[in-house]
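Residue numbers (my numbering): 31 to 362.
Here a beta-carbon is modelled for each residue, glycine too, at the ideal position from N, C-alpha and C.
Reviewing the structure listed below.
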């Protein structure tokens with residue numbers, strides 16, 4: 031697999047994967063990214079030009095996709111519209127990118143016989159009760175609750191159908207909530223970190239009881255590379271680091287780590303359809319492929335992330351005002 035095509039590689043988890051691959055393997059990478067507000071060329075700054083190139087384009091544009099897939103040994107498909115609040119405001123881009131874009135890529139890898147790995151989310155499974163000890167597994171039925179998660183569920187099912195119907199050489203991974211460097215400041219953890227840096231009280235939806243299973247982006251990257259190299263074709267692997275925390279605890283940990291009182295936040299109206307809890311059982315990935323996370327301790331990964339945002343204000347500052355304006359328009 032010498033040449034990887036990484037869709038959405040200028041976005042958050044995609045750019046972290048590109049950095050991880052270039053630092054830990056001999057692969058070369060072509061990034062295909064539409065460079066919407068969530069894609070940032072600065073996330074790829076400093077990478078070696080002889081091993082990484084950026085192509086600006088839409089994954090739903092077959093004329094752009096086909097020659098790139100033809101030249102690649104494998105495609106790692108991160109590109110997605112992925113913000114729940116935005117999907118509630120305008121679902122159309124989620125259908126275009128997550129469904130039509132994935133279909134376009136599948137047809138290209140089908141034509142060229144190219145290995146394909148599809149990145150998805152645990153949100154396709156819906157949510158779990160707060161008191162339920164169960165976690166999502168690869169056998170959990172899909173039960174998406176938002177335009178975002180429903181379009182990701184649709185893209186997963188397309189991949190499965192193309193494997194079964196056309197013999198496409200594909201795998202799928204569904205991952206829990208990521209955090210780490212290069213995440214857009216509209217997202218929960220970087221929004222709170224950058225608010226604290228700016229002297230603004232963090233915002234907590236409702237009572238903050240909603241639980242997410244957090245994983246550092248470096249651990250997601252190592253899991254995806256493991257699946258790409260060792261995963262069984264047609265299989266789905268769940269990626270998680272056992273980092274379940276409710277949103278209130280996360281905000282309080284951020285405040286404490288940044289030297290603020292743990293209660294120095296504001297509560298705002300909850301999001302419609304806000305899923306209660308996600309929990310990942312990554313036993314299959316760990317036992318079958320031998321993967322383990324580096325940041326099994328959430329507080330250590332959070333400290334790493336806070337330091338990155340403190341040290342890289344030039345990266346996130348241009349996004350901040352527009353992100354907060356969108357939240358104000360939504361009353362959040």
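Asked: For residue 248 and residue 46, believed in contact at Cβ under 8 angstroms, the rounded distance; Found: 7 angstroms
Asked: Helix, strand or coil at residue 260 according to DSSP, with G and I counted as helix; Found: helix
Asked: Sequence-distant residues of the same chain with beta carbon closer than 6 angstroms to residue 246, five excluded per side; Found: 210, 325 and 331
Asked: Residue 334 (DSSP reduced to helix, strand or coil); Found: helix
Asked: Status (buried if at least 16 other CB within 10 Å, exposed otherwise) for residue 216; Found: buried
Asked: Of the listed residues 72, 165, 90 and 96, nearest to residue 205 (C-alpha basis); Found: 165
Asked: Collapsed DSSP secondary structure at residue 198 in the structure displayed; Found: coil
Asked: Runs of beta strand (DSSP E) lying entirely within the segment 86-132, each at least 3 residues, in chain order; Found: 104-107
Asked: Cβ shell of residue 292 (< 7 angstroms), same chain only, five flanking positions each side left out; Found: 282, 285 and 286
Asked: Cut-off 7 angstroms between Cβ atoms - residues of its own chain near residue 316, not counting five sequence neighbours on either side; Found: 322
Asked: Local conformation of residue 213 per DSSP, three classes; Found: coil
Asked: Proximity below 7 angstroms, CB of residue 235 to CB of residue 301; Found: yes
Asked: Buried or exposed (CB count within 10 angstroms, at least 16 for buried), residue 225; Found: buried
Asked: Helix, strand or coil at residue 283 [DSSP, three-state]; Found: helix
Asked: Best match in 180, 34 and 276 for proximity to residue 128 [C-alpha to C-alpha]; Found: 180
Asked: Span of the alpha helix (DSSP H), counted from its first residue to its last, around residue 48; Found: 42-54
Asked: Cβ contact check for the segment 52-70 and the segment 31-44: 3 or more pairs under 8 angstroms; Found: yes
Asked: Residue 267 versus residue 346: straight-line alpha-carbon distance, rounded; Found: 32 angstroms
Asked: Burial state of residue 255, where buried means 16 or more other Cβ atoms lie within 10 Å; Found: buried
Asked: CA-to-CA distance, residue 99 to residue 143, given in whole angstroms; Found: 9 angstroms
Asked: Residue environment, residue 307, which counts as buried when at least 16 other CB atoms sit within 10 Å; Found: buried
Asked: Where residue 32 falls, given that 16 or more other Cβ within 10 Å makes a residue buried; Found: exposed
Asked: Pair within 7 angstroms by beta-carbon distance, residue 191 and residue 231; Found: no
Asked: Where the beta strand (DSSP E) containing residue 37 begins and where it ends; Found: 33-37
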